[in-house]
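Visitor: I have a structure here, written as structure tokens, and I will follow up with some questions on it.
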Amino acid sequence: MASPLEEKIRGNKKSNYASSSEDEGEEKVPGYVPQPMMDGMPQTGPKGVLNDYRRFKYEERLARAQEEKKKVELINKMAFTVKPKSEEDETDGGKSSSKDLLDTLEQLEIDGGDPFMQQYRAQRIQQMKEQAKTHGKKRRMFGNLTELRGDKYAVAIDSAPPDVFVIIHIYDEFFITCVKLNRCLADLAKKYPTVKFCRIQSHQLELSKEFQEKGLPAILVYKSGNMIGNLLRVTDTLGESFKMNDIEDFLHDNNCLPSNDEARILGAYNLSPRPSVSDKPSDTDDDEL
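When we follow full-length UniProt numbering, the leftmost residue of the sequence shown carries the number 1, and every step to the right adds one.
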């Protein structure tokens with residue numbers, strides 16, 4: 001007879017969520033641009049040469065003014081501002097802070113060759129490091145693949161904050177693909193330190209022999225205590241020559257991983273904990289799971 005967990009796994013179909021993207025902003029209509037004083041082809045004669053020179057100097061000043069305006073706007077955009085924690089939590093849970101960090105990081109990469117930006121870059125990167133560290137401290141950090149015992153399975157799920165993905169690999173230590181998947185998940189735990197990665201041997205859950213033979217390797221994903229991903233025998237989709245990137249894409253395709261944005265912020269400055277796999281079953285208190 002199958003255990004209650006196995007019946008739930010078998011009966012819970014894989015969920016597919018239509019990903020929504022933010023509405024693209026409306027195309028900005030350029031403002032009024034003053035017209036040059038003279039139109040047409042270059043003119044000859046003293047008067048024509050003088051007019052051509054005036055036109056050239058006018059366009060030169062206009063281009064310089066536009067360039068200076070662009071730099072000022074960029075500096076203002078990248079100004080080091082942070083919402084108060086209470087306001088941030090009430091609005092979007094800190095997502096705006098993450099997006100601002102990413103926008104600034106991308107802008108610095110794009111304009112890195114500009115002499116003006118090179119002078120500004122060092123100061124901004126230092127500020128971003130401090131902001132990224134502060135942002136990271138607000139979130140529960142994991143960074144490893146934790147071994148669970150059967151009696152800690154439910155605790156690991158229920159003790160996680162509601163915004164945390166809990167990814168559990170049900171494995172058999174004698175299956176080569178399970179061993180390989182454990183290595184990939186340990187690497188992903190480093191890349192996604194705010195995701196709780198766990199593994200548990202199938203015999204710890206009293207699963208049926210049929211499930212252990214035909215359902216592994218299996219990945220179950222929880223959030224807010226609910227199962228949102230039920231990925232059985234993942235090798236049917238990935239084959240047996242999968243790599244970490246394949247597992248990452250597979251989880252993203254099934255909406256079982258957060259976006260790469262936060263991983264970029266924390267990983268860009270080596271703020272993630274070192275990856276590890278704890279072979280010893282967890283003996284920590286329930287609150288620490």
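Beta carbons: idealized from backbone N, C-alpha and C, even for Gly. Treat the numbers as computed from the prediction; the structure is a model and nothing was measured.
Taking only beta-carbon positions, decide if S208 is within less than 8 Å of chain B.
Guide: Note that chain B does not occur in the displayed structure, where there is just one protein chain.
Visitor: State the DSSP-derived secondary structure class of N230, mapped to helix, strand or coil.
Guide: Residue state, collapsed to three classes: strand.
Visitor: Residues in its own chain within less than 7 Å of Y222 by CB, not counting five upstream and five downstream?
Guide: So the qualifying residues of the chain are I157, V166, I228.
Visitor: Short of 8 Å in beta carbon distance, which residues of its chain neighbour F142, apart from the five on each side in sequence? Order them along the chain.
Guide: A189, P193, T194, V195, K196, F197, P273
Visitor: Under the rule that 16 or more other beta-carbon atoms within 10 Å means buried, what is T146, buried or exposed?
Guide: buried
Visitor: Report, in whole angstroms, the separation of the C-beta atoms of H169 and I219, which I expect to be a contact under 8 Å.
Guide: 6 Å
Visitor: For the pair the region 203 to 210 and the region 230 to 241, tell me if three or more CB-CB distances fall below 8 Å.
Guide: Too few Cβ pairs lie closer than 8 Å, so no.
Visitor: The alpha helix (DSSP H) with R252 in it runs from where to where?
Guide: Here residue 252 turns out to be His, not Arg, going by the sequence shown. Where H252 is concerned, the enclosing alpha helix (DSSP H) stretches over 244 to 253.
Visitor: So the candidates are G215, Y53, D246; which of them puts its Cα closest to the Cα of N230?
Guide: G215
Visitor: Apart from the five residues on each side of it in sequence, which residues of its chain come closer than 6 Å, Cβ to Cβ, to D246?
Guide: L238
Visitor: Mark T91 as exposed unless 16 or more other C-beta atoms lie within 10 angstroms of its C-beta, in which case mark it buried.
Guide: Note that T91 scores 45 on pLDDT, short of 50, meaning its location in the model is unreliable and no value can be drawn from it.
Visitor: Name the two residues that bound the continuous alpha helix (DSSP H) containing C198.
Guide: No alpha helix (DSSP H) holds C198; the beta strand (DSSP E) holding it covers 196 to 201.
Visitor: In the DSSP assignment, find the unbroken beta strand (DSSP E) run with A218 in it and report its ends.
Guide: In the DSSP annotation of this structure, the continuous segment of the beta strand (DSSP E) that includes A218 starts and ends at 218 to 223.
Visitor: If you follow the beta strand (DSSP E) that Y192 is in, where does it begin and where does it stop?
Guide: Per DSSP, Y192 belongs to no beta strand (DSSP E) and is neither H nor E.
Visitor: Cutting at 8 Å between CB atoms, please list the residues of its own chain near S3, excluding the five before and the five after it.
Guide: The answer, listed in chain order, is L205, E206, L207, S208.
Visitor: Quick check on K57: buried or exposed, where buried means 16 or more other Cβ atoms within 10 Å of its Cβ?
Guide: exposed
Visitor: Pick from P217, E6, Y53: whose alpha carbon is nearest that of L185?
Guide: If we check each option's Cα against that of L185, P217 comes out closest.
Visitor: Spatial neighbours of N182 within its chain, please: CB distance less than 7 Å, with the 5 preceding and 5 following residues excluded, ordered by chain position.
Guide: So the list reads L145, H169, Y171, R199, V277, once near-sequence residues are dropped.
Visitor: Roughly how many angstroms separate the alpha carbons of A63 and S259, rounded to a whole number?
Guide: 39 Å
Visitor: Measuring alpha carbon to alpha carbon, tell me which residue in A160, E60, E240, Y120 is nearest I176.
Guide: E240
Visitor: Thinking just about the alpha-carbon of each residue, which of N255, G225, C178, N254 is nearest to the one in Q212?
Guide: C178
Visitor: Can you have a look at K152 and say buried or exposed, based on whether 16 or more other CB atoms are within 10 angstroms of its CB?
Guide: The residue in question, K152, is buried, as its Cβ has 16 or more Cβ neighbours within 10 Å.
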